[in-house]
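There are 2 protein chains.
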Amino acid sequence: MTDPAEERNTAAPARLRSLPTRLLSLVTMHSDRIVTEGLAGADARKWHYAVLATLEEAGPASQAELSRRTGVYRSDLVSVINELSARGLVERAPDPGDRRRNVITLTGAGRDRLRRLDALLGSLADEVLAPLDAAERDQLTALLTRLLDHHGGHAGGHSAPG
Amino acid sequence: MTDPAEERNTAAPARLRSLPTRLLSLVTMHSDRIVTEGLAGADARKWHYAVLATLEEAGPASQAELSRRTGVYRSDLVSVINELSARGLVERAPDPGDRRRNVITLTGAGRDRLRRLDALLGSLADEVLAPLDAAERDQLTALLTRLLDHHGGHAGGHSAPG
DNA sequence: CCGCTTGCGTTAGTCGCACTAACGATGTAC
DNA sequence: GTACATCGTTAGTGCGACTAACGCAAGCGG
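Top to bottom, those sequences are chains A and B. Residue numbers 1 to 162, in this note's numbering, belong to the letters of the first sequence in order. Residue numbers 1001 to 1162, in this note's numbering, belong to the letters of the second sequence in order.
Printed below as a string of structure tokens:
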């Protein structure tokens, strides 16, 4: 049998239930699972969407630039681009102007896929936010955005890597 | 050098920035890091706190019951209890009434430690929620709680394990 | 009394993800 | 032209969620 999952948080102490950092973790765990499984059903992963969306909004870019814009590590981006180009959603070509770089370009198929992923992610977000009405969703988004801007502005959290 | 972290999300596309599920992930990543590092500085981990708090609020319990209440897997709980008992914060004793079970009891030192962790977690939460005022924090907590209750009620997400 | 099923604690191991380190090749600055 | 930074890539670490299976004890039906 699975373990604590069957009846999770049946009687979680009040202190745990009201800890905001824990709430964040728990809610995100559910949310991530829903999104990851939903995307997996469409043969995609979170980063696929991030890369495709970035490419559409900001145009072709090198992998390093995509890394900066999406937050995906340069090293992990390699396989993401591999997967995307294997599916014909992006094209990877050497940059004639700077031979260190690859230029990643969104293809027509990539644009189509992006449309579908947009719709899919929309419905997945609906599933996650089901109990909230539109105003509350906006509230939540606004609050999270402020938290992210506050922390996200200045580096990932370890300017001194060690 | 670290990678995309140095200047993260410098110009993340609007679509990504407004995706609630992504916001949750990103914010939680920062929050978790702050909490984990903060607790590590006090020779503790998230689960330590969860277990100690549960023990104080609900009294001595078997490991399986702690697992249900905290959401920590039975298997992972073993090492948590090991660590806590090695530090003298809990006691693990066989249950005379049911020899399959161990009874986990909070010690005086455990209670003390719990006090300090309460304070520490409070200040870490402050750090995470820094940009929000009290009303907004309550709002956020309320919204997250509703999301958690909605999804958390019915199992972890896989009632059919296989 | 015996077999079956269920719950318990424990061990070991998988999988995915954030993250680091290093390398070869290329571009840039002094 | 030598020193340094940047890019793509490979390999690997560490951790947290999760699964599988074990040996043991308890409860229940016959």
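All C-beta atoms in this analysis are idealised placements derived from N, C-alpha and C, irrespective of residue type, glycine included. This one's a predicted model, so the numbers in the text were calculated from it and none came from an experiment.
Item, Value
"Give the residues of chain A in contact with residue 1035(B), contact being defined as C-beta atoms less than 7 angstroms apart.", "21"
"Under a CB-based cut-off of 8 angstroms, is residue 1092(B) close to chain A?", "no"
"Give the straight-line distance between the Cα atoms of residue 1151(B) and residue 1021(B), rounded to the nearest whole angstrom.", "14 angstroms"
"Is it buried or exposed for residue 1061(B), if we count other Cβ within 10 angstroms and need 16 for buried?", "buried"
"Of the choices 105(A), 84(A), 87(A), whose alpha-carbon is the least far from that of residue 94(A)?", "105(A)"
"Over the uninterrupted beta strand (DSSP E) stretch that includes residue 15(A), give me the two end residues.", "No beta strand (DSSP E) holds residue 15(A); the alpha helix (DSSP H) holding it covers 14-17."
"Taking the continuous alpha helix (DSSP H) assigned at residue 84(A), which residues delimit it?", "74-86"
"In angstroms, rounded to a whole number, what distance separates the CA positions of residue 1157(B) and residue 96(A)?", "At residue 1157(B) the pLDDT is 35, less than 50, meaning the model places this residue with poor confidence and gives no usable figure here."
"Output yes if chain A places a C-beta closer than 8 angstroms to the C-beta of residue 1150(B); else output no.", "yes"
"Taking one C-beta from the region 127-145 of chain A and one from the region 82-91 of chain A each time, how about it: are there three or more such pairs within less than 8 angstroms?", "no"
"Please identify, using Cβ separations under 8 angstroms, the residues of the region 1068-1097 of chain B that lie next to chain A, in order along the chain.", "1068, 1069, 1070, 1071, 1072, 1073, 1074, 1075"
"Please report whether the beta-carbon of residue 1143(B) lies at a distance below 8 angstroms from any beta-carbon of chain A.", "yes"
"Contact between the region 112-126 of chain A and the region 61-76 of chain A is defined here as three or more beta-carbon pairs at a separation below 8 angstroms; is this criterion met?", "no"
"Distance check for residue 25(A) and residue 127(A), CA to CA, integer angstroms please.", "18 angstroms"
"Please state if the CB of residue 1141(B) and the CB of residue 121(A) are separated by a distance shorter than 8 angstroms.", "no"
"Within the same chain, show all residues whose beta-carbon is closer than 8 angstroms to that of residue 1055(B), passing over the 5 residues directly before and after it, in chain order.", "1061, 1066, 1090, 1104, 1105, 1106, 1110"
"Starting from the Cα of residue 1119(B), find the closest Cα among 1029(B), 1049(B), 1083(B) and give me that residue.", "1049(B)"
"Let me see if you follow: with CB-CB separation under 8 angstroms, is residue 1123(B) close to chain A or not?", "no"
"For residue 48(A), go through chain B and note every residue whose CB falls closer than 9 angstroms to its CB, in chain order.", "Going along chain B, no residue has its Cβ under 9 angstroms from residue 48(A), so there is no contact; the nearest lies around 12 angstroms."
"Kindly list the residues whose CB is nearer than 8 angstroms to the CB of residue 42(A), restricted to its own chain and excluding five residues on each side of it in sequence; keep chain order.", "116, 117, 120"
"Identify the contact partners of residue 130(A) in chain B, using a Cβ-Cβ distance below 7 angstroms as the criterion.", "1150"
"What does the alpha-carbon distance come out to for the pair residue 1040(B) and residue 1079(B)?", "16 angstroms"
"Give the single residue among 1027(B), 1036(B), 1012(B) whose Cα lies nearest to the Cα of residue 1123(B).", "1036(B)"
"What residues are listed by DSSP as bridge partners for residue 119(A)?", "DSSP output for residue 119(A) lists no bridge partner at all."
"Between residue 13(A) and chain B, is any beta-carbon pair separated by less than 8 angstroms?", "yes"
"Report all residues from its chain with a CB closer than 7 angstroms to the CB of residue 1146(B); omit the five preceding and five following residues, and keep chain order.", "none"
"Please list the partners that residue 1045(B) has in chain A, where partner means a Cβ-to-Cβ separation under 7 angstroms.", "Correct list: empty, because the minimum Cβ distance to chain A is about 13 angstroms."
"For residue 24(A), go through chain B and note every residue whose CB falls closer than 7 angstroms to its CB, in chain order.", "1027, 1028, 1031, 1144"
"Looking at the unbroken alpha helix (DSSP H) that takes in residue 1020(B), where does it start and where does it end?", "1020-1040"
"Nearest CA to the CA of residue 1045(B): which residue from 1138(B), 1013(B), 1081(B), 1092(B)?", "1081(B)"
"Please tell me whether residue 1139(B) has its Cβ less than 8 angstroms away from any Cβ of chain A.", "yes"
"Using 8 angstroms for Cβ pairs, my map puts residue 1027(B) next to residue 1047(B). What's the rounded Cβ distance?", "The Cβ separation is near 21 angstroms, so there is no contact."
"Determine whether the Cβ of residue 1106(B) lies closer than 8 angstroms to any Cβ atom of chain A.", "no"
"What does the alpha-carbon distance come out to for the pair residue 1015(B) and residue 34(A)?", "19 angstroms"
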